[in-house]
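Only one structure is covered here, and it is reproduced in the block below.
Residue numbers (my numbering): 284 to 487.
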């Protein structure tokens, strides 16, 4: 047992060292409330062995644990806007694994400043292989703004309209920008995205 455990550890160490100088290959999932983004990001990451980084969860974890990064984010969160792009990218970079260079970012970018800052600060660390945009109508997004979390969801919708839609418009001419009809059922939507990953060889 000890020998097997040691052997497995050595293999992982070798893989990690081999990948150390390699850029991360990143796919970014973009979508507003009620776009099935979280579900699709999880299923696609599992299907194609991507390391999944959920940017909302990453920020929430910093808030809940009051980690050393909390003070950096506190002013932005108190102001009620988006987290400063450089601060958010710093957190994302810390979460990127060393033993898997295929990374799926769920919920990033949310603004044009996000992607402009990413392109400046991550040019030596990561290549963007694709943007997956899960498109739904405003009416569909508004369906999620009910119950106890209605105000919170409405804030997200407003941010999406004011910050994310201009980003989407700026990316539409990119050959690696892929739009999907997120009003479809989950199975059909997943199959559409999966087929695009196969066609564009994003499984590599």
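Cβ coordinates follow ideal geometry from the N, Cα and C atoms, glycine included.
Just so we're clear, the structure is a prediction, and the values are computed from it rather than from any experiment.
{"Check": "Minimum length 4: unbroken alpha helix (DSSP H) runs contained in the segment 424-458", "Outcome": "433-442 and 448-454"}
{"Check": "Cβ-Cβ distance between residue 311 and residue 392 below 9 angstroms", "Outcome": "yes"}
{"Check": "Exposed unless 16 or more other CB atoms sit within 10 angstroms - verdict on residue 429", "Outcome": "exposed"}
{"Check": "Presumed contact (8 angstroms Cβ cut-off) between residue 398 and residue 388, rounded CB distance", "Outcome": "Rounded, the Cβ-Cβ distance is 11 angstroms, inconsistent with contact."}
{"Check": "Sufficient close CB pairs (3 or more, under 8 angstroms) joining the segment 416-423 to the segment 311-327", "Outcome": "yes"}
{"Check": "Same chain only: Cβ atoms within 7 angstroms of residue 473, ignoring 5 sequence neighbours per side", "Outcome": "323 and 326"}
{"Check": "Where residue 479 falls: helix, strand or coil (DSSP)", "Outcome": "helix"}
{"Check": "Residue burial classification, residue 377 (beta-carbon count within 10 angstroms, cutoff 16)", "Outcome": "exposed"}
{"Check": "Beta-carbon gap between residue 352 and residue 412 smaller than 9 angstroms", "Outcome": "no"}
{"Check": "For residue 463: DSSP bridge partner residues", "Outcome": "417"}
{"Check": "Option nearest residue 365 by Cα separation, candidates 468, 476, 480 and 447", "Outcome": "447"}
{"Check": "Those residues which DSSP pairs with residue 311 across a bridge", "Outcome": "388 and 414"}
{"Check": "Residue 336 burial status per 10 Å Cβ neighbour count (16 or more: buried)", "Outcome": "buried"}
{"Check": "Where residue 337 falls: helix, strand or coil (DSSP)", "Outcome": "strand"}
{"Check": "Which listed residue (320, 346 and 405) has its alpha carbon closest to that of residue 305", "Outcome": "405"}
{"Check": "Contact under 9 angstroms by Cβ, residue 395 with residue 450", "Outcome": "yes"}
{"Check": "C-beta atoms of residue 350 and residue 343 nearer than 9 angstroms", "Outcome": "no"}
{"Check": "When 401, 476, 441 and 321 are compared against residue 339, the one with the closest alpha-carbon", "Outcome": "321"}
{"Check": "Residue 334 and residue 410 closer than 9 angstroms at C-beta", "Outcome": "no"}
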